[in-house]
Amino acid sequence: MTDGGYRDPSDRQDDFTAQNNPAPTPYSKLPPLPGSDAGAASSPFDAPTGVTSTGGFAAQQPTTVTPAYQAPQYQAPQHQSGAYGAAATTAPYGAPSTTPYQQPYGTGQFAAASPSGPPTGSLPPIGSDPAPGGGSGRGGSGKKLLVGAAVVAVLAGGVGGGVGYLVSDRNGTSSNTDTSIATGPTQTAQPPAAPGSVQETAARVLPSVVSITVSNGREVGSGSGVVLSDDGTILTNNHVVGGPNMQVLVSFSDGSRARARVLGADPVSDVAVIKADKTGLTPITIGKSDNLTVGQNVIAIGSPLGLEGTVTTGIISALNRPVSTSGADGQDSVIDAIQTDAAINPGNSGGALINSAGALIGINTAIATLGASTGSESGSIGLGFAIPVDQAMRVANQLRTSGKATQANIGVSVRPAADLEKPGAVVANVVRGGPAERAGIPVGALITAVNDRHITSADSLVAAVRSNAPGDTVKVTYTVNGDSKTVDVTLGTL
């Protein structure tokens with residue numbers, strides 16, 4: 001089957017597919033939130049009695065990008081069924097190994113419910129406080145968070161004691177005297193945040209970012225989303241809410257929750273739109289992604305591991321990075337990604353990547369992780385990827401109105417160039433009557449550029465084409481027998 005009008009050799013010599021399609025990997029088990037202490041409020045992501053929430057629903061799928069250098073071994077849990085094992089990705093023609101990525105959206109299964117607990121796989125009732133987690137074999141994950149907090153407290157105490165000792169010693173007192181330090185008047189209020197600072201921007205945007213809990217009756221997990229309208233329209237990833245019989249629960253920054261329904265989900269672009277049963281929301285400001293620059297400061301907001309309203313900062317590391325993911329339904333998705341070093345972890349999927357002005361510039365979707373063992377947990381190593389907002393909103397607007405989305409298609413099947421010194425995508429087949437044939441692009445042509453973008457692989461061609469809309473006209477540069485030619489191609493509809 002073709003995907004986006006492209007094919008690229010993977011397992012068969014007679015049938016080329018444009019994306020590598022590694023076998024699905026198991027669920028990435030995420031630690032449940034620890035049970036709340038006495039008197040402490042429970043998180044809306046805590047599981048009901050007899051249920052263990054692991055911070056993510058759909059199994060993560062591998063994302064592959066063909067690098068121009070030798071890449072390290074990576075683990076690639078991504079949005080796939082947990083019943084499958086992982087398979088290594090082998091680069092064609094002796095090329096360097098591919099770099100798998102994972103979507104930052106973890107998964108887990110319900111533990112057996114206790115006699116007094118709700119039915120297995122159900123979401124907790126809105127307005128009820130879930131019981132503290134515990135009981136199941138995943139309890140140790142919750143303890144990790146508590147132990148970590150204890151270690152921080154011990155270290156802080158040690159630092160304070162050291163400071164007290166130094167001050168006492170300078171005053172000529174013995175080290176065994178009272179080491180308390182005199183302080184001035186207690187500051188009761190923080191000074192106002194400077195306009196444009198991370199503090200001010202985060203405070204302004206946090207009400208527009210939500211946490212999403214989903215269940216299909218057997219498994220439960222969480223992701224993130226951004227508010228598009230005051231009456232409950234929310235943008236997220238397809239791999240967060242896509243799938244049959246989904247129950248969706250949205251948690252807002254004010255602590256309230258509401259049920260939601262899926263208006264539309266597109267696995268090709270990995271974009272989905274849901275509608276929450278709530279009004280009076282704060283829509284996010286929509287920015288633009290066609291004027292971004294490498295090195296620009298960015299902020300990521302979402303719910304990694306179910307920790308709502310988490311804010312991390314970084315820069316744009318690269319633009320137009322082709323990142324390929326493979327869904328549990330066999331549908332490949334190639335995104336023309338914004339790469340960032342802002343920390344993105346499982347649960348951030350569908351969350352916001354914003355600029356310093358607080359405008360949405362991308363939807364956080366995938367991360368690269370250093371490989372461990374199959375099924376082990378992993379997190380950010382500073383390689384995160386987001387769908388550019390221009391592409392995400394084009395698809396979202398279609399999903400809001402019709403529930404379906406269309407993608408651009410050039411009408412060729414391609415394979416990688418055999419000569420590594422001449423990067424590009426070789427046309428293996430041209431669809432009769434398609435955009436490429438009408439423009440005169442022949443079989444055997446080496447496509448090297450789309451508009452002003454260099455094409456180095458099949459995935460980069462897919463990403464470049466899908467960054468446009470059906471009906472757009474692009475300039476395609478290709479070579480045949482060493483002769484270069486540039487033609488106008490009006491893109492079709494996938």
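The UniProt record's numbering applies: residue 1 is where the sequence shown begins, and numbers increase by one.
Idealized CB from N, CA, C, for every residue including glycine.
Contacts around residue i, its chain only, beta-carbon distance under 7 angstroms, and the 5 residues preceding and following it disregarded
i	result
arginine 394	Ala469
alanine 318	Val294 and Gln339
aspartate 290	Asp390
isoleucine 410	Gly5, Pro435, Ala436, Val465, Val489 and Leu491
Reference residue i; option with closest CA among the options
i	options	result
residue 496	His454, Gly434 and Ala439	Here the chain has residues from 1 to 494 only, and residue 496 is not among them.
valine 476	Gly217, Val462, Val271 and Ile447	Ile447
glutamine 199	Leu494, Asp419, His239 and Ala300	Ala300
alanine 464	Asp419, Gln407 and Gly434	Gln407
serine 264	Thr365, Ile361, Gly306 and Pro244	Correcting the residue identity first, residue 264 is glycine in this sequence and not serine. The shortest C-alpha separation from glycine 264 is found at Pro244.
threonine 201	Ser460, Gly309 and Ala392	Gly309
glutamate 219	Val240, Ser402 and Ile410	Val240
aspartate 332	Gly403, Asn238 and Gly223	Asn238
glycine 384	Leu353, Val334, Ser457 and Ala392	Leu353
isoleucine 344	Gly471, Ile361, Arg259 and Thr365	Thr365
isoleucine 335	Thr313, Gly306, Val311 and Ile367	Ile367
Boundaries (first-last residue) of the beta strand (DSSP E) holding residue i
i	result
arginine 415	412-416
valine 480	473-480
leucine 360	359-367
asparagine 397	Run containing asparagine 397: none in the beta strand (DSSP E); it sits in the alpha helix (DSSP H), 389-402.
asparagine 355	352-355
isoleucine 299	297-302
alanine 428	425-430
Cut-off 6 angstroms between Cβ atoms - residues of its own chain near residue i, not counting five sequence neighbours on either side
i	result
glycine 232	Lys275, Ala276 and Lys278
glutamine 398	Ala405
alanine 439	Val487 and Val489
According to DSSP, residues forming a beta bridge with residue i
i	result
alanine 260	Val248 and Ala276
histidine 239	None; histidine 239 has no bridge partner.
arginine 321	Ala337
arginine 453	Val450
isoleucine 441	DSSP output for isoleucine 441 lists no bridge partner at all.
glycine 223	Ile212
aspartate 266	Val271
Residue i to residue j span [Cα, whole Å]
i	j	result
proline 130	threonine 213	Any reading at proline 130 must be qualified, since the residue scores a pLDDT of 42, below 50, and its modelled position is unreliable; no value is offered.
valine 210	serine 251	6 angstroms
valine 474	asparagine 451	6 angstroms
proline 24	threonine 325	In this prediction, proline 24 has a pLDDT of 29, which is less than 50 and means its spatial position is unreliable; nothing more can be read from the coordinates.
glycine 492	proline 192	52 angstroms
lysine 485	asparagine 348	43 angstroms
serine 303	alanine 449	38 angstroms
isoleucine 315	serine 467	22 angstroms
isoleucine 234	aspartate 419	46 angstroms
glycine 225	glycine 350	5 angstroms
alanine 337	aspartate 270	12 angstroms
proline 283	proline 267	24 angstroms
arginine 204	glycine 358	7 angstroms
arginine 261	glycine 403	12 angstroms
leucine 281	aspartate 483	57 angstroms
leucine 494	proline 195	44 angstroms
threonine 369	glycine 382	9 angstroms
serine 197	asparagine 355	11 angstroms
proline 416	leucine 461	10 angstroms
serine 380	alanine 342	9 angstroms
residue 533	proline 322	Residue 533 lies beyond the residue range present for the chain, which begins at 1 and ends at 494; the question has no answer from this structure.
glycine 242	alanine 396	14 angstroms
Opening and closing residue of the alpha helix (DSSP H) in which residue i lies
i	result
serine 229	Unbroken run through serine 229: none, as it is neither H nor E.
valine 465	458-466
aspartate 488	Where aspartate 488 is concerned, there is no enclosing alpha helix (DSSP H), although the beta strand (DSSP E) it sits in stretches over 483-490.
valine 198	198-205
Spatial neighbours of residue i in its chain, beta-carbon cut-off 8 angstroms, leaving aside the 5 residues before and after
i	result
isoleucine 441	Val412, Val427, Val430, Ile447, Val476, Tyr478, Val487 and Val489
alanine 445	Val426, Val427, Tyr478, Thr479 and Val480
serine 229	Leu281 and Pro283
isoleucine 363	Val226, Leu235, Thr236, Asn237, Val271, Gly350, Gly351, Ala352, Leu353, Ala386, Ile387, Val389 and Ala392
threonine 188	none
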